[in-house]
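In the numbering used here, the protein residues as written are 259 to 689.
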């Protein structure tokens with residue numbers, strides 16, 4: 259029987275081997291047709307390991323060009339590729355592998371499934387970084403209150419605890435910090451309050467600086483707000499006396515426009531302003547600004563005091579304005595010539611007459627030179643080029659006598675030698 263079996267196996271052995279090989283080829287073809295290779299793209303975030311490697315060197319980094327996300331392709335059997343998703347892969351950048359220039363870190367990509375049956379293809383798989391020095395600074399915390407407290411209440415003090423915070427971060431970011439603030443809303447508050455408030459970092463322009471690259475030892479502080487019964491009232495300066503002739507009182511200038519007062523609600527209710535008057539406010543005979551030192555406590559009504567943070571002494575400047583001269587060009591058509599002898603004719607040598615009017619600065623805006631009129635008394639004029647005096651109509655005050663050049667000629671026997679349309683009777687044979 260063994261001989262028969264051996265004969266069956268060895269009979270046409272070559273054909274049988276060929277049949278087996280052919281079957282294997284057919285199987286491979288079928289498999290590849292039914293489950294061909296496929297390539298698919300994936301994008302996943304990069305996990306950073308050992309970031310303290312740079313921190314221990316006194317450095318910090320910023321990721322550039324969104325390189326903390328990596329795109330790659332995976333090639334494998336379609337049946338496998340179609341099962342894979344982003345969550346089946348991890349991308350890792352180990353900071354210990356940063357290059358010597360501290361600009362790039364290689365990124366490795368690994369699959370959690372089918373790692374031996376797929377090929378991961380990645381190009382330029384690097385994390386691009388910008389490295390700079392770490393810096394640590396302490397900053398005072400400024401408490402800023404917003405809102406209006408209850409009636410007759412104001413914020414006397416608002417203090418932070420701790421008074422300073424320590425901030426660590428890139429030098430370029432710390433250099434932008436102008437102030438560190440914490441903002442507390444005191445709207446409607448009528449008594450002392452304690453709260454916690456977050457710390458805000460601001461640049462010179464008052465814009466908030468993001469804290470994502472910074473480490474603060476405290477991101478919030480305790481704030482203690484002291485509320486005092488009081489109100490803020492404006493200062494009113496009442497002068498006495500009259501400045502010298504040609505001068506007037508303009509205004510009072512003071513660095514303080516209002517003061518904080520404390521007292522009972524009844525006493526505060528009757529105060530709408532704090533009036534400063536008396537001998538210190540005298541402007542009698544003044545020809546220049548008057549400066550006075552004022553003790554505010556001398557002007558407080560009964561039952562009211564200055565707030566503890568309110569300065570008691572202030573300086574007030576009473577501004578005295580003197581008249582000045584301003585030149586206006588008045589058209590000669592506005593000048594009337596009177597009493598010109600009948601045998602003479604007169605012509606102006608210019609189209610306008612310059613007049614220097616005295617007044618206060620704000621008054622000049624209302625003066626229109628086209629509306630200014632005046633007269634020339636030509637009695638006694640002889641022929642020639644003369645300086646004729648012009649007198650203005652109205653209540654204008656001038657800094658000096660007004661003269662204008664005119665040419666006077668004798669009329670010819672046949673008629674006028676020129677035109678002087680502004681003269682009263684000047685174009686007639688007699689005046």
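Think of the CB as a built atom: it goes at the ideal place given N, C-alpha and C, for glycine as much as any other residue.
Computed from a predicted structure; not experimentally measured.
Residue of the options minimising C-alpha distance to residue i
i, options, result
"residue 365", "354, 375, 371 and 580", "354"
"residue 546", "497, 357 and 579", "579"
"residue 589", "566, 331, 630 and 659", "630"
"residue 520", "561, 509, 551 and 534", "561"
"residue 390", "407, 426 and 406", "426"
"residue 550", "537, 638, 418 and 433", "537"
"residue 356", "383, 342 and 581", "383"
"residue 609", "349, 452 and 664", "664"
"residue 297", "544, 415, 482 and 376", "376"
"residue 557", "531, 543, 474 and 481", "531"
"residue 582", "342, 303, 369 and 505", "505"
"residue 475", "340, 314, 396 and 620", "396"
"residue 606", "544, 315 and 636", "636"
"residue 499", "512, 543 and 487", "543"
"residue 299", "378, 612 and 454", "378"
"residue 566", "403, 361 and 414", "414"
"residue 348", "403, 340, 341 and 370", "370"
Span of the beta strand (DSSP E) around residue i
i, result
"residue 644", "642–650"
"residue 482", "478–495"
"residue 598", "No beta strand (DSSP E) holds residue 598; DSSP gives it neither H nor E."
"residue 616", "610–617"
"residue 506", "505–512"
"residue 661", "660–668"
"residue 578", "571–580"
"residue 378", "376–379"
"residue 550", "548–553"
"residue 533", "532–534"
"residue 303", "295–307"
"residue 635", "632–635"
"residue 563", "562–564"
Spatial neighbours of residue i in its chain, beta-carbon cut-off 8 Å, leaving aside the 5 residues before and after
i, result
"residue 661", "645, 646, 647 and 648"
"residue 431", "467, 471 and 472"
"residue 399", "418, 420, 421, 422, 423, 438, 439, 440, 457 and 479"
Bounding residues of the alpha helix (DSSP H) (the contiguous stretch that carries residue i)
i, result
"residue 431", "429–432"
"residue 527", "523–527"
"residue 372", "No alpha helix (DSSP H) contains residue 372, which DSSP labels as neither H nor E."
"residue 314", "Taken as a continuous stretch (DSSP letters only), residue 314 belongs to no alpha helix (DSSP H), as it is neither H nor E."
Contacts around residue i, its chain only, beta-carbon distance under 6 Å, and the 5 residues preceding and following it disregarded
i, result
"residue 289", "Model confidence at residue 289 stands at a pLDDT of 48, short of 50, so the residue's coordinates are unreliable; what they give is reported in the following sentence. Excluding sequence neighbours, residue 289 sits near nothing in its chain."
"residue 568", "517 and 518"
"residue 380", "330 and 367"
"residue 627", "586, 587 and 588"
"residue 526", "410 and 489"
Proximity of residue i and residue j at Cβ, strictly below 8 Å
i, j, result
"residue 456", "residue 477", "yes"
"residue 485", "residue 450", "yes"
"residue 327", "residue 305", "no"
"residue 351", "residue 385", "yes"
"residue 458", "residue 435", "no"
"residue 388", "residue 320", "yes"
"residue 641", "residue 593", "no"
"residue 392", "residue 428", "yes"
"residue 412", "residue 490", "yes"
"residue 492", "residue 515", "yes"
"residue 591", "residue 615", "no"
"residue 333", "residue 307", "no"
"residue 406", "residue 445", "yes"
"residue 448", "residue 408", "yes"
"residue 416", "residue 363", "no"
"residue 650", "residue 656", "yes"
"residue 622", "residue 666", "no"
Cutoff 7 Å; reference residue i; Cβ partners in own chain excluding five residues on either side
i, result
"residue 688", "Low confidence applies to residue 688: its pLDDT is 32, below 50, so where it sits in the model is not reliable enough to give any reading."
"residue 553", "570 and 571"
"residue 337", "293"
"residue 252", "The structure shown does not extend to residue 252, since the chain is modelled only from 259 through 689, so no value can be given for it."
"residue 507", "497, 501, 541, 576 and 578"
"residue 673", "Caution is warranted here: a pLDDT of 48 is assigned to residue 673, below 50, making its placement in the model unreliable, and the coordinate value is therefore given only provisionally. For residue 673, where only same-chain residues beyond five positions count, there are no Cβ hits under 7 Å."
"residue 659", "647"
Heavy atom of the ligand HEM within 7 Å of residue i beta-carbon
i, result
"residue 304", "Although the ligand HEM was asked about, the structure shown includes no ligands whatsoever."
So within the region 395–478, which uninterrupted alpha helix (DSSP H) runs reach at least 4 residues, ignoring any that extend past its ends? Fully enclosed alpha helix (DSSP H) runs of 4 or longer: 429–432.
Which whole runs of the alpha helix (DSSP H) in the region 318–355 are 4 residues long or more, in chain order? Taking 4 residues as the minimum length, the alpha helix (DSSP H) runs contained wholly in the region 318–355 are 336–339, in order along the chain.
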